[in-house]
Amino acid sequence: MKFEKLFSNMRIDSLTLKNRIIFPPISTNLASITGEVTDEFIAHYSRRAKGGAALITVENACIDFPLTMMGATQPRFDNERFVPGLSRLVEEIHKYGSLAFVELTHPGLFGKELPAIAPSEVDLRLDGIKPHPMSREEIEKVALKFAKAAFIAKKAGFDGVEIEAAHGLLVNQFLSPVSNKRTDEYGGTLENRTRFAKLLIDKIKEFCGRDYPVMARVGVVDYVNGGIKPEYDGVEIVRKFEELGYAAVHADIGFGDKEKRLEPMAYKQAWRSNLAKLLKDGGIKIPVIAVGMIREPEIAESLLKNGVADLVALGRTLIADPDWPLKALYGKEKTIRKCIGCSECIRSRHAMGTAIRCGVNPVVGKSSGYEKITPSSISKHIVIIGAGPAGLEAARVAALKGHRVTIFEQEKEIGGAVRLGSVPPGKEKMQWLINYYSEVLKELEVNVRTTTTADIETVIRENPDEIVLAMGAEPFIPAIEGIDGPNVVLYSNVLDEKVALQKGERVVIGGGGLVGCETALYLATKGCEVTIVEMLPEVAKDMEPISRNYLLRELKEHNIKILTSSRIIKISESSLNIKKTDGMEIELDLDIFVAAFGEKPRKFEKVDAPVPIHIIGDMTRVGKIVEAIRDGYAIGFNL
Ligand SMILES: Cc1cc2nc3c(=O)[nH]c(=O)nc-3n(C[C@H](O)[C@H](O)[C@H](O)COP(=O)(O)OP(=O)(O)OC[C@H]3O[C@@H](n4cnc5c(N)ncnc54)[C@H](O)[C@@H]3O)c2cc1C
Ligand SMILES: Cc1cc2nc3c(=O)[nH]c(=O)nc-3n(C[C@H](O)[C@H](O)[C@H](O)COP(=O)(O)O)c2cc1C
Ligand code: SF4
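In this text, residue positions in the sequence shown follow our numbering: the first is 47, and each later residue adds one.
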């Protein structure tokens, strides 16, 4: 077997895990607004179990509604009336031989209900509101809520619970000197700071029995001044957790920038597995779980083989492809649809407050019926124009339905705008999506005709039963004086290296959307002096906030100048005239102007065709990968 260690058994307390793969808590907003699990919620978790993960952790549960609520919706574990629904969930997870855990969470000082409670009255909220420091009675009361929630979990059949002691939340707030300024027996020394974690496990064991497994996600590092340092108190906190009877720990992150625990695409695979290694090297005996950006079975196997960790947590990895474990087990790892780190899951669940969505997996958050692709009773010939993500996904699903599929692509390679999107620094993982489609379309025997420009007339000659147009978008070029000048180039020609810019050239990028900003970064790494000019008050404003902050920092670090609220009036051979919204006029020197003003759906001359024509992806409205793939799936599903 190729990944021997990954697929070897492991024990957590008295439980045996069939392999070393854990699905960690990923909140979904799929529970109902009143806290019940829904059919979509159950489908989501049972699907990850079906894919082969040994242990499924249900997302952060609400232990005291509404006081401890986080996010738009949460499954509730604060009343026995939720047990019947929860037990249905557990049964569906158990059906596939996976263990079921649930993460019990308290936001502490970040609570939405005011006054929020915390170990101390610290000023750590963005809104500046200070929490109420917990009295001893309040500490006992909260511990009781955790214990009652664990009891409900046990009653519903969960194999154990996980305490959220990371991410700056309540238990972490007790552990970290950043938030714990107490002078009583809950503050100061490490013994005192872990006393709340002791109270929790003692109470849970009292309610659920000594042998009921309790794991923890522990913040072993704070990325803030005066916080937990992994090599000192991080390891010692976990040693204490071990002594207290915790069954296993995730080597996770405490306070600090969210970027470190919800990493944007550019972060390296397994970059924070060093935290797990510190615990192992520090002599921790209970199972240590490495988490964060573990995307490929080879990487997971090497972490386990090299003694970096005992288990791996695969979060977004299994959102993108729940069958990752089975594919790795049966040598089909090339067909894994890897998480590319596009952050759509974070945007949907955190920033938008909607049900979770995945950029590359179109059925995330949907009912199980939508995932089931049943062969069509009539086998058709489907012809698709455009091999971007919309066309590729439509081809995949149509082929799975048993249709014969031909896809035309004018470029040498498939991938569409994703191919260009993978060029700027830190965006290389986008190429994974293209590799995935290459592999699966080959297996499904889809006829992919690259370097072939097609129109309706040419595809009609192929005798299709239905036609899908997925030709994407085309650049939007505003009517600016000088836009057709010799020193004006399109961003796509720059990223495609059809136009090579020289080191030291002064480049102005017109348009500060995602594409303009990433093209700017690409050119700055090539040694150009880059300025972005944007009409709106902000650049890249539609991006998910964590990834956006990362990108803005990169732009700054590469000395890219940004002019916002600035309208371009005229492009000349060696200068650019700009008018700011306050009326001020500026002239910039330039060598090259790069147009990145955005896209518009590609125009299509309507012709009468003897067969149905469907239009999908950016050709209908300019969006992102998530919309393109969702469109592709939907049309394929209905063909
Ligand atoms: C630089 C860049 C970075 C991006 N980064 C991100 C990101 O980080 N996250 C994200 O979610 N989205 C990103 N996007 C957007 C995303 O790539 C698009 O939304 C998505 O690719 C649209 O998919 P599509 O299949 O509809 O169209 P496209 O991907 O544009 O594909 C259309 C395909 O049709 C082909 N075609 C057109 N006409 C013909 C013809 N007549 N005959 C044959 N073939 C034809 C084209 O060559 C192309 O391959 C980025 C886009 C760019 C340009
Ligand atoms: C959309 C989203 C929701 C998350 N929700 C939770 C959560 O409820 N509790 C938690 O401890 N971690 C949560 N996480 C963090 C993940 O469990 C995991 O630690 C993180 O995503 C890094 O691992 P990955 O790169 O394998 O995804 C969430 C992550 C994402 C992307
Ligand atoms: S939405 Fe993007 S980041 Fe999230 S799991 Fe899917 S591919 Fe990964």
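Where a beta carbon is used, it is the ideal one built from N, C-alpha and C, also for glycine.
Can you grab the Cα-Cα spacing for the pair residue i / residue j, in whole Å?
i: SER425; j: ASP511; result: 9 Å
i: VAL266; j: MET56; result: 23 Å
i: GLU237; j: VAL410; result: 43 Å
i: LYS251; j: ASP59; result: 13 Å
i: LYS488; j: TYR258; result: 48 Å
i: ARG239; j: GLU159; result: 25 Å
i: ARG594; j: GLU603; result: 14 Å
i: ALA120; j: HIS213; result: Residue identity check: residue 120 is Gln in the sequence provided, not Ala. Each residue's alpha carbon lies about 17 Å from the other.
i: ARG495; j: SER484; result: 12 Å
i: ALA189; j: GLU543; result: 60 Å
i: LYS314; j: ALA570; result: 21 Å
i: TRP478; j: ARG383; result: 8 Å
i: ARG395; j: LEU601; result: 27 Å
i: PHE147; j: VAL207; result: 5 Å
i: VAL561; j: SER225; result: 39 Å
i: GLY280; j: VAL104; result: 25 Å
i: ASN605; j: GLY472; result: 17 Å
i: SER538; j: ARG127; result: 57 Å
i: ALA202; j: TYR232; result: 32 Å
i: ASN320; j: ASN533; result: 48 Å
i: LEU364; j: PRO70; result: 9 Å
i: ILE632; j: ASN623; result: 6 Å
i: GLY81; j: ALA680; result: 29 Å
i: LYS351; j: ALA211; result: 27 Å
i: LEU221; j: VAL83; result: 31 Å
Looking at the strands, I want to know which residues DSSP matches up with residue i.
i: THR452; result: VAL429 and ASN493
i: VAL295; result: ALA262 and VAL334
i: GLY556; result: VAL579 and ALA641
i: LEU155; result: DSSP lists no partner for LEU155.
i: VAL358; result: ILE67 and ALA336
i: LYS646; result: GLU520
i: HIS396; result: In the DSSP output, where bridge partners are listed per residue, HIS396 has none listed.
i: ILE45; result: Lying before the first or after the last residue shown, residue 45 is absent from the chain, which here runs from 47 to 685.
i: HIS140; result: DSSP output for HIS140 lists no bridge partner at all.
i: GLU50; result: Note: GLU50 sits in no beta bridge, so no partner.
i: MET311; result: DSSP, once it has assigned bridges, lists no residue as partnering MET311.
Take residue i and list the residues in its own chain whose beta-carbon comes closer than 8 Å to its own, dropping the five residues that flank it on each side.
i: ALA162; result: PRO153, GLY154, LEU155, PHE156, ARG171, ILE175, PRO177 and HIS178
i: PHE192; result: ILE109, LEU150, HIS152, ILE209, LEU246, LYS249 and ILE250
i: VAL492; result: ALA441, ARG442, ALA445, VAL451, THR452 and ILE453
i: ARG648; result: MET517, GLY518, ALA519, GLU520, ASP664 and MET665
i: ARG93; result: PRO368, SER414 and GLU417
i: ALA655; result: ILE502, ILE506 and ILE513
i: ILE345; result: GLN315 and ALA316
i: GLU86; result: LEU76, ALA401, GLY411, LYS412 and SER413
Within a Cβ cutoff of 7 Å, which residues of the same chain sit near residue i, ignoring the five residues on either side of it in sequence?
i: ARG362; result: CYS385 and CYS391
i: ASP635; result: ARG552, SER620 and SER621
Under the assumption that residue i contacts residue j (Cβ atoms under 8 Å), give the Cβ distance between them as a whole number of angstroms.
i: GLU305; j: LEU52; result: Wrong, their Cβ atoms sit about 28 Å apart, outside the cutoff.
i: GLU277; j: GLY387; result: Not a contact, Cβ separation roughly 28 Å.
i: GLY558; j: VAL585; result: 3 Å
i: ASP230; j: LEU61; result: Between LEU61 and ASP230 the Cβ distance is about 36 Å, and since that is not below 8 Å, they are no contact.
i: ILE529; j: VAL640; result: That belief does not hold up - the Cβ atoms of ILE529 and VAL640 are roughly 12 Å apart, past 8 Å.
i: PHE123; j: ALA199; result: 6 Å
i: LYS447; j: PRO421; result: 6 Å
i: ILE480; j: VAL464; result: 6 Å
i: ALA293; j: ALA322; result: Not confirmed; about 16 Å, so no contact.
i: ARG263; j: ILE330; result: At roughly 15 Å, the Cβ-Cβ gap does not stay under 8 Å, so ARG263 and ILE330 are not in contact.
i: ILE662; j: GLY678; result: 6 Å
i: THR689; j: GLN548; result: Nothing about residue 689 can be read from this structure; the chain reaches only from 47 to 685.
i: ILE671; j: VAL486; result: Not really, about 16 Å apart at Cβ, beyond 8 Å.
i: ILE67; j: ALA89; result: About 20 Å; that fails the 8 Å criterion.
Whose C-beta lies closer than 6 Å to the C-beta of residue i among residues of the same chain, with five residues either side of it excluded?
i: ALA444; result: ILE428, VAL451, GLY682 and LEU685
i: LEU113; result: GLU159
i: ASP369; result: GLY97
i: PRO583; result: THR610 and SER611
i: ALA401; result: ASN75, LEU76 and GLY411
i: ALA107; result: PRO121, PHE123, VAL148 and LEU150
For a cutoff of 7 Å on Cβ pairs, would you count residue i as touching chain C?
i: ARG362; result: No chain C is present in this structure, which holds just one protein chain.
Check: In chain order, which continuous runs of the beta strand (DSSP E) of length 3 or greater are located wholly inside the region 63 to 124?
Finding: 67 to 69 and 101 to 108
Notebook entry, point to check: What beta strand (DSSP E) runs, 3 residues minimum, are completely inside the region 193 to 269?
Noted result: 206 to 211 and 260 to 265
Item checked: Minimum length 3: unbroken beta strand (DSSP E) runs contained in the region 502 to 539 -> 512 to 515, 519 to 521 and 534 to 536
Next item on the list: Report the residue ranges of all alpha helix (DSSP H) runs contained in full by the region 572 to 640; include only those spanning at least 4 residues, in chain order.
Entry: 591 to 603
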